[in-house]
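K.L.:
First residue of the sequence shown? That's 1173 in this note's numbering, and the numbers climb one at a time after it. We put the CB at the ideal spot given by N, CA and C, even for glycine. Got a structure here, written out as C-alpha cells. Questions coming.
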Amino acid sequence: MRLNLGRKPEKTPESPNTEVVKVRKTGDSGEIISHLEQRRGYAVTGFARLEPNSPEVSQWYIASGSNGLALSLIARGAFSNYVFTMGSTPTLHALLGSVRLPGRTLITCQPEHVPTIEEYYELEWHLVAKRMMVDRKTFRPVQEKAIRLRPAQIHELNQLYGLEGSGSFSAAQIRKGVFYGIWREDRLVAAAGTHAVAPSYGIAYVGNVMTRPECRNQGLAKVCVSSVTAELLEGCVDVVLNVEADNVPAVRAYTSLGYCDDCVVVEAVGRRKSFVGAIINSVCRRLGLISPRYEEGVVDG
1173 MRLNLGRKPE
1183 KTPESPNTEV
1193 VKVRKTGDSG
1203 EIISHLEQRR
1213 GYAVTGFARL
1223 EPNSPEVSQW
1233 YIASGSNGLA
1243 LSLIARGAFS
1253 NYVFTMGSTP
1263 TLHALLGSVR
1273 LPGRTLITCQ
1283 PEHVPTIEEY
1293 YELEWHLVAK
1303 RMMVDRKTFR
1313 PVQEKAIRLR
1323 PAQIHELNQL
1333 YGLEGSGSFS
1343 AAQIRKGVFY
1353 GIWREDRLVA
1363 AAGTHAVAPS
1373 YGIAYVGNVM
1383 TRPECRNQGL
1393 AKVCVSSVTA
1403 ELLEGCVDVV
1413 LNVEADNVPA
1423 VRAYTSLGYC
1433 DDCVVVEAVG
1443 RRKSFVGAII
1453 NSVCRRLGLI
1463 SPRYEEGVVD
1473 G
C-alpha cells in the first residue's frame, strides 16, 4: 500500500498480468458521472444509486492501470446488496481483490467480467440480456393506454407477479416508481413498471413486465411498456429495458416502440465465497486449470 500525505491511502494491488493497479475510493459525483456517461444505457443502475433518496449506502471505487480503467459500485441496504462493475476486466480483477465485498448480492456486470466475478462469488443464477434504449425522438407509443397503478393496488399487482414467484413489492415501491396495468373483469392481467428511475440524470429503467398466461400474445405487455415509457420520457431523456435476445416477440414489440439495441448486460445473484475458496479459484484460473465459460455476449449451455 502506498501512502500519499494529505490524501486517503490508495491501494496498489497486482492484476493477473502482474501490472500495478491503483485502486481508490471516491465520493466525487462529478468524476463518477463522467465515467458512467461513457456507457449511459449500461450504467442506469449506477445513476439511480447517485440519487439523493437512494435507500442504500453506496461506495464507489475506481482502479487504473496500463490495461485501462475499471469502476465498481458496492451498495449495501437493509434487505439487499448490490454490486455494479464497469470497464477493463484485468483492472477490475485487481479492484475487487482490494475492497470489502458484500455477502449475498445482486450483481450487474459486463459479460466479459463474469469469470472475474466468479472468483469471488458463487452465482445462484445469472441472465445474459440485451439492453435496449429509447429516447424522445425515437419513441413510437401505441394508441392503446394502460392504467396508472396506485399504491393501494399493491395486492393485485403482487398477485400478478406472484404467478412467477416474484410478488413481493411494497406500496412504497409503487409510489416511488411508475407502474401501469391492464384490467379485465376487475382482474389485473398485465403490468409493467420500473426497476430504477434517476430523474436527476435523465434516465430510467423499465422492467417488471408481466402478463397472465391465458392473456398472452395479445399485445398487452407492449401497451403497458408503452404507457410506462411515455410517462418516464416526460422527465427523462433516455429509457432502457432488458430483454432476452432469443425472446423474438418481445424484441420485436420493443423495437416497434422505438427501442434500439444498446449493449449486452449480465444480471446475477451471487453468494460471497470463503476467503480460501476464492484464493483457490483465482489460482486455478491463472494456471489455466479452469477454462473461461464466457465470452462477450455469449454464454455456453
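(1) In this structure, how does DSSP classify ALA1250 when only helix, strand and coil are distinguished?
(2) Can you say whether SER1338 is buried or exposed, counting buried as having 16 or more other CB atoms within 10 angstroms of its CB?
(3) Nearest to GLY1249 by CA position, among PRO1262, GLY1240, HIS1265, VAL1229, is which residue?
(4) Starting from LYS1348, follow the alpha helix (DSSP H) in both directions and report where the run begins and ends.
(5) Determine the closest residue to PRO1274 out of VAL1369, PHE1256, SER1260, with distance taken between C-alpha atoms.
(6) Going along the chain, which residues of its own chain have a beta-carbon closer than 8 Å to the beta-carbon of LEU1404, five neighbours each way excluded?
(7) Nearest-angstrom Cα distance between SER1201 and GLU1386?
(8) Do you know offhand how far THR1310's Cα is from PRO1227's?
(9) Classify LYS1302 as buried or exposed, calling it buried when 16 or more other Cβ atoms lie within 10 Å of its own Cβ.
(10) May I have the straight-line CA-CA distance separating TYR1292 from ARG1424, to the nearest angstrom?
(11) Taking the straight line between their C-alpha atoms, what separation do you get for VAL1195 and VAL1381?
(12) Tell me which same chain residues have a C-beta within less than 7 Å of the C-beta of GLU1223, skipping the five on either side of it?
(13) Give the secondary structure of ALA1475 by DSSP, where H, G and I count as helix, E and B as strand, and everything else as coil.
(14) Using only CA atoms, which one of ARG1211, VAL1441, LEU1241, LEU1245 lies nearest to ARG1221?
(15) Cβ atoms of VAL1420 and LEU1392: under 8 Å apart, would you say?
(16) Where SER1206 and GLY1218 are concerned, what is the direct C-alpha to C-alpha distance, given to the nearest angstrom?
(17) Given this structure, state the Cα-to-Cα distance separating LEU1264 from TYR1233, to the nearest angstrom.
(18) In its own chain, which residues sit with a C-beta less than 6 Å from the C-beta of LEU1295, not counting the 5 before and 5 after it?
(19) With burial defined as no fewer than 16 other Cβ atoms inside 10 Å of the residue's Cβ, what is the status of ARG1359: buried or exposed?
(20) Going by CA-CA distance only, name the one from ALA1266, ALA1247, VAL1271 that's closest to THR1280.
(21) CA-CA distance, SER1463 and GLY1237?
P.N.:
On the basis of the supplied data:
(1) ALA1250: coil per DSSP, three-state reduction.
(2) SER1338 is classed as exposed because its beta carbon has fewer than 16 other beta carbons within 10 Å across all chains shown.
(3) Closest by C-alpha distance to GLY1249, out of PRO1262, GLY1240, HIS1265, VAL1229, is VAL1229.
(4) Judged by DSSP secondary structure, LYS1348 falls within the alpha helix (DSSP H) whose first and last residues are 1343 to 1348.
(5) Cα-wise, what sits closest to PRO1274 is PHE1256.
(6) Answer for LEU1404: VAL1350, THR1366, VAL1369, ALA1376, VAL1378, VAL1411, listed in chain order.
(7) Roughly 47 Å separates the two Cα atoms.
(8) If you take the alpha carbons of THR1310 and PRO1227, they lie about 32 Å apart.
(9) With 16 or more other Cβ atoms within 10 Å, it is buried.
(10) TYR1292 and ARG1424 have their C-alpha atoms spaced approximately 37 Å apart.
(11) Between the C-alpha atoms of VAL1195 and VAL1381 there is a straight-line separation of about 38 Å.
(12) Closer than 7 Å at Cβ, skipping near neighbours: ALA1370, SER1372.
(13) Since the first residue shown for the chain is 1173 and the last is 1473, residue 1475 is missing from the structure and cannot be characterised.
(14) Taking ARG1221 as reference, the option from ARG1211, VAL1441, LEU1241, LEU1245 with the minimal CA-CA separation is LEU1245.
(15) Their beta carbons are not under 8 Å apart, which means LEU1392 does not touch VAL1420 by this criterion.
(16) For SER1206 and GLY1218, the gap between their C-alpha atoms comes out near 12 Å.
(17) If you take the alpha carbons of LEU1264 and TYR1233, they lie about 10 Å apart.
(18) Cβ-Cβ distances below 6 Å link LEU1295 to ALA1440, GLY1442 in the same chain, with the five nearest sequence neighbours on each side left out; the list follows chain order.
(19) ARG1359 counts as exposed, since fewer than 16 other beta carbons sit within 10 angstroms of its beta carbon.
(20) When only C-alpha atoms are compared, the closest one is ALA1247.
(21) Its pLDDT being 37, under 50, SER1463 is placed unreliably in this model, and the value from its coordinates should be taken loosely. Inter-residue distance for SER1463 and GLY1237 is about 25 Å (C-alpha atoms, whole angstroms).
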